[in-house]
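Participant: Taken in sequence, the protein lines are chains Y and R. So in our numbering, spot 55 of the first sequence is number 55, and the numbers just go up one at a time. So in our numbering, spot 116 of the second sequence is number 208, and the numbers just go up one at a time. Right, I'll just put the structure down here and ask away after.
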Amino acid sequence: MKNEFEKLDQFMRENRPAISRIPLNKYPLIQQPKWVGVAVAFGLSAIIATGVIRHHRIEAESAVLLSEILSWDVTADDLSGEIDTELALLEY
Amino acid sequence: MIRFGKSEKEFQNAYHDFSGSIHRTLKGMVGNEAIAEELTQEAFIKAWRGLPQFGFRSSLKTWLYQVALNVGRDWLRTHRTRFFSDDFEKAGEERFTPEQRAVQESLLELDEDTRSLLILHYYEGFKLEEMAEVLKVPMGTIKSRLHSAKSKLKERLLLKGFDV
Numbered sequence: 001m002k003n004e005f006e007k008l009d010q011f012m013r014e015n016r017p018a019i020s021r022i023p024l025n026k027y028p029l030i031q032q033p034k035w036v037g038v039a040v041a042f043g044l045s046a047i048i049a050t051g052v053i054r055h056h057r058i059e060a061e062s063a064v065l066l067s068e069i070l071s072w073d074v075t076a077d078d079l080s081g082e083i084d085t086e087l088a089l090l091e092y
Numbered sequence: 093m094i095r096f097g098k099s100e101k102e103f104q105n106a107y108h109d110f111s112g113s114i115h116r117t118l119k120g121m122v123g124n125e126a127i128a129e130e131l132t133q134e135a136f137i138k139a140w141r142g143l144p145q146f147g148f149r150s151s152l153k154t155w156l157y158q159v160a161l162n163v164g165r166d167w168l169r170t171h172r173t174r175f176f177s178d179d180f181e182k183a184g185e186e187r188f189t190p191e192q193r194a195v196q197e198s199l200l201e202l203d204e205d206t207r208s209l210l211i212l213h214y215y216e217g218f219k220l221e222e223m224a225e226v227l228k229v230p231m232g233t234i235k236s237r238l239h240s241a242k243s244k245l246k247e248r249l250l251l252k253g254f255d256v
C-alpha cells in the first residue's frame with residue numbers, strides 16, 4: 001500500500017533544518033559561563049544526591065571498611081584522597 | 093574521590109548520550125535556544141532527583157524523554173506564548189532555505205503535542221514502539237496520532253505552497 005505521506009517524508013528528509021545546540025567547541029569554555037554553571041549545578045546535584053544514597057550504604061559497609069583500614073600499613077604520606085574520603089564517611 | 097554506583101554511572105552516560113537530542117526536542121517544542129537549554133538542565137535535574145523512584149524499571153532513554161516532554165509541556169502551559177524564536181528568524185534570513193523555513197514555521201504553528209511527536213519521529217528517529225513508551229499510549233493510539241500529526245504538517249506546508 002502506497003504511503004500517503006511518502007512525499008512529506010521525503011520533503012522532511014531533504015529539508016528538515018537542524019535544531020542543534022551550540023557546539024561546545026565553537027566558543028571557548030571561558031566565554032560560556034552558562035555552560036560552566038550548568039556543569040557545576042549538575043555536578044553539585046550529583047554530589048548531593050550521591051551523598052544521600054551513599055549515607056544509607058555506608059551504614060551497612062562501615063564494619064567491613066573499618067577492619068580493612070585497620071589492617072593497612074600506611075604512613076601519612078601514603079594516604080590518598082580516597083582513603084580520606086572513606087574515613088570522612090565513617091565519621092559521618 | 094566520589095565513586096558512582098552503577099545507576100549513577102548509567103545516568104551520567106545517559107546525560108552524555110541524550111542531552112543533545114533532548115535539547116533539540118525541547119528547542120523544537122519551545123522554539124527558543126536559551127529556553128531549551130534551561131529546560132534541558134531542568135529535565136535532567138528532575139530526572140536525577142526522580143532516579144530512586146524510577147528504579148530502572150524501564151528504558152532510561154524513554155523515561156528521560158518522558159521527563160523532558162513533561163518539562164516542555166509545563167513550560168508551554170505556564171507561558172502560553174507562541175513565538176518564533178530569534179534563532180529561527182535570524183536563521184531564516186541568513187542560512188535557511190525557503191523549504192527549511194517553511195518546515196520550522198509549520199512545526200511552530202502546531203500544538204505542542206503534535207510538534208513533540210513530529211520531532212521525535214523526524215528529528216530523533218524514534219520508532220513507533222519507543223514513542224508509545226515515551227508517551228505511555230498503546231501502539232494503535234500512537235499510529236493514529238502520528239497519522240494525524242503528519243496530516244496537520246502536510247496541510248501547513250501545502251498552505252505555504254509546497255507540494256507534499
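Glycine included, every Cβ here is placed at the ideal spot set by N, Cα and C.
#1: Check the Cβ-Cβ distances between Tyr-157(R) and every residue of chain Y, and say whether any is below 8 Å.
#2: Is there at least one Cβ from chain Y nearer than 8 Å to Thr-154(R)'s Cβ?
#3: Less than 8 Å between the beta carbons of Phe-146(R) and Ser-111(R), yes or no?
#4: Using CA coordinates, which residue listed in Leu-251(R), Tyr-107(R) and Glu-204(R) is at the minimum distance from Thr-154(R)?
#5: DSSP three-state call for Phe-5(Y): helix, strand or coil?
#6: Answer with buried or exposed for Pro-144(R), where buried requires no fewer than 16 other C-beta atoms within 10 angstroms of its C-beta.
#7: I'd like to check one pair, Val-256(R) with Lys-244(R): are the Cβ atoms closer than 8 Å?
#8: Can you check whether the CB of Gly-164(R) is closer than 8 Å to the CB of Arg-195(R)?
#9: Output yes or no for whether 8 Å exceeds the beta carbon distance between Tyr-214(R) and Arg-116(R).
#10: Can you tell me where the alpha helix (DSSP H) with Ser-151(R) in it begins and where it stops?
#11: Check the Cβ of Leu-44(Y) against every Cβ in chain R and list those closer than 9 Å, keeping chain order.
#12: Would you check if the distance between the CB atom of Met-231(R) and the CB atom of Leu-220(R) is smaller than 8 Å?
#13: Who are the Cβ neighbours of Leu-202(R) in its own chain at under 8 Å, not counting the five residues just before and after it?
#14: Output needed for Glu-204(R): all residues of its chain with C-beta closer than 8 Å, excluding positions within five of it in sequence on either side, in chain order.
#15: For Lys-228(R), go through chain Y and note every residue whose CB falls closer than 8 Å to its CB, in chain order.
#16: Starting from the beta carbon of Val-40(Y), find every residue of chain R whose beta carbon is closer than 9 Å, and list them in chain order.
#17: Just checking my contact of Glu-197(R) with Phe-254(R) at CB under 8 Å: how many whole Å lie between their CB atoms?
#18: Measure the C-alpha to C-alpha separation of Thr-189(R) and Arg-16(Y) and round it to an integer number of angstroms.
#19: State the start and end residues of the unbroken alpha helix (DSSP H) segment that holds Phe-136(R).
#20: Let's test the definition: count the other Cβ atoms within 10 Å of the Cβ of Ala-139(R) and tell me whether it reaches 16, buried, or not, exposed.
#21: Helix, strand or coil, according to DSSP, for Arg-174(R) in the structure here?
#22: In this structure, how does DSSP classify Leu-202(R) when only helix, strand and coil are distinguished?
#23: When the Cα atoms are used, what is the spatial distance from Glu-100(R) to Thr-50(Y)?
#24: Can you round the beta-carbon distance between Ser-113(R) and Leu-161(R) to whole angstroms, since I take them to be within the 8 Å contact cut?
#25: Which residues in chain Y sit within 7 Å of Val-256(R), going by Cβ to Cβ distance?
#26: Please state the DSSP three-state secondary structure of Pro-230(R).
Facilitator: Straight from the coordinates:
#1: So, not an interface residue.
#2: no
#3: no
#4: Tyr-107(R)
#5: coil
#6: Pro-144(R) counts as exposed, since fewer than 16 other beta carbons sit within 10 angstroms of its beta carbon.
#7: no
#8: Checking the displayed sequence, the identity of residue 195(R) turns out to be Val instead of Arg. Result no, Cβ atoms of Val-195(R) and Gly-164(R) do not sit closer than 8 Å.
#9: no
#10: Note, Ser-151(R): premise wrong, no alpha helix (DSSP H); not H, not E.
#11: Result: empty, since nearest Cβ-Cβ is about 10 Å, beyond 9 Å.
#12: Closer than 8 Å, so yes.
#13: Leu-210, Ala-241, Lys-244, Leu-245 and Arg-248
#14: Contacts found: Met-121, Gly-164, Arg-165 and Leu-168.
#15: By Cβ distance, chain Y contributes nothing, its closest Cβ being about 24 Å from Lys-228(R), past 8 Å.
#16: By Cβ distance, chain R contributes nothing, its closest Cβ being about 11 Å from Val-40(Y), past 9 Å.
#17: With 8 Å as the limit, Glu-197(R) and Phe-254(R) do not qualify as a contact, their Cβ atoms being about 11 Å apart.
#18: 10 Å
#19: Start and end: 125 to 141.
#20: buried
#21: Summary for Arg-174(R): the model assigns pLDDT 47, below 50, so the residue's position carries little reliability; its value from the coordinates is reported in the next sentence. Coil at Arg-174(R), not helix or strand.
#22: Leu-202(R) falls in the coil class under three-state DSSP.
#23: 8 Å
#24: A Cβ-Cβ separation of about 12 Å leaves Ser-113(R) out of contact with Leu-161(R) under the 8 Å criterion.
#25: Lys-7, Leu-8 and Phe-11
#26: coil
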